[in-house]
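Visitor:
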Amino acid sequence: MSQTLPLRLHHHAWITDDQEATRRFYEDVIGLPLVATWTEREVLTGAERVYSHTLYGLADGSALAFFQFADPKDQEEFKTDIHSTPVRHVAFKIEAEAQEAMRERVIAAGHEESNAHVIDHGYCVSLYVTDPNGLILEFAVDHPDMEKIDAEQRATAHADLARWLAGDHTSNNRWR
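If you're matching positions, the sequence shown starts at 916 in the working numbering and goes up one per residue.
(1) Out of Ile1051, Gln1068, Ser977 and Thr960, state which residue places its alpha-carbon closest to the alpha-carbon of Leu1133.
(2) Going by C-alpha to C-alpha distance, which of Met1061, Val1044 and Lys1008 sits closest to Trp1090?
(3) Tell me the residue span of the alpha helix (DSSP H) that contains Arg938.
(4) Should Phe993 and Ile930 be called a contact, given that it needs their Cβ atoms to be closer than 8 Å?
(5) I'd like to confirm the pairing. Which residues does DSSP put opposite Arg956 in its beta bridges?
(6) Which one or two residues does DSSP pair with Ser1041 in a beta bridge?
(7) From Gln918, Arg1018, Pro1001 and Val1044, pick the residue whose C-alpha is nearest to that of Asn1030; which is it?
(8) Where does Leu920 fall in DSSP's three states?
(9) Using a Cβ distance threshold of 8 Å, determine whether the region 969-983 contacts the region 1061-1070, with at least three qualifying pairs required.
(10) Applying the 10 Å Cβ sphere with the 16-neighbour rule, what's the burial state of His1026?
(11) What are the boundary residues of the beta strand (DSSP E) that includes His883?
(12) Is His1004 near the ligand PLP, in the sense that its beta carbon is under 7 Å from a heavy atom of that ligand?
(13) Considering only residues of the same chain and omitting the five flanking positions on each side of Leu1050, which have a CB-CB separation below 6 Å?
(14) Cutting at 8 Å between CB atoms, please list the residues of its own chain near Ser999, excluding the five before and the five after it.
Spelled out as structure tokens, the structure:
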């Protein structure tokens, strides 16, 4: 049976309390261009809602999207209280020079709440940044041998999962 995979991420949507603070962070600091602002009036969950929907473009045509409702009651209804955790994030592939330039821009902009930090995972080196809305972003630079690493992981993915589920929790990350 043939399976067709999605072509790419279209967009990842989040909510914001401040479209302009979000624009300054993504466009002026991170460097993602604002590619669309939709101002909408439509029925969502049984009521007419008025909102803005902004999109910040990535090189592959995908985007990060942010919603803000005109009515504070709607804003509160759609806002999430998901606790912040480093394992809940959106990750992007980036080149090393671009990652360092981004880190420098975040620091220069004085976004201390961004908690910008770098972690070497072995198979990639990642810059983590928290946006003004609490969304954690990861900008990952792949290991130079990523094609080899990817091939090895694909070949053992099911066996590694079965081993983990059976209770063997030893690390298989030999690139750290």
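Idealized CB from N, CA, C, for every residue including glycine.
Guide: Short version:
(1) Nothing can be reported for residue 1133: it is not among the residues displayed for the chain, which extend from 916 to 1091.
(2) Checking every option, the nearest Cα to that of Trp1090 belongs to Met1061.
(3) Gln934 to Arg938
(4) yes
(5) Val965.
(6) Ile1034 and Ala1055
(7) Val1044
(8) coil
(9) no
(10) buried
(11) Because the chain here runs from 916 to 1091, residue 883 falls outside it and cannot be looked at.
(12) Because no ligand of any kind appears in the structure shown, any question about the ligand PLP cannot be addressed here.
(13) Excluding positions up to five away in sequence, the list reads Trp929.
(14) The answer, listed in chain order, is Thr1045, Gly1049 and Ile1051.
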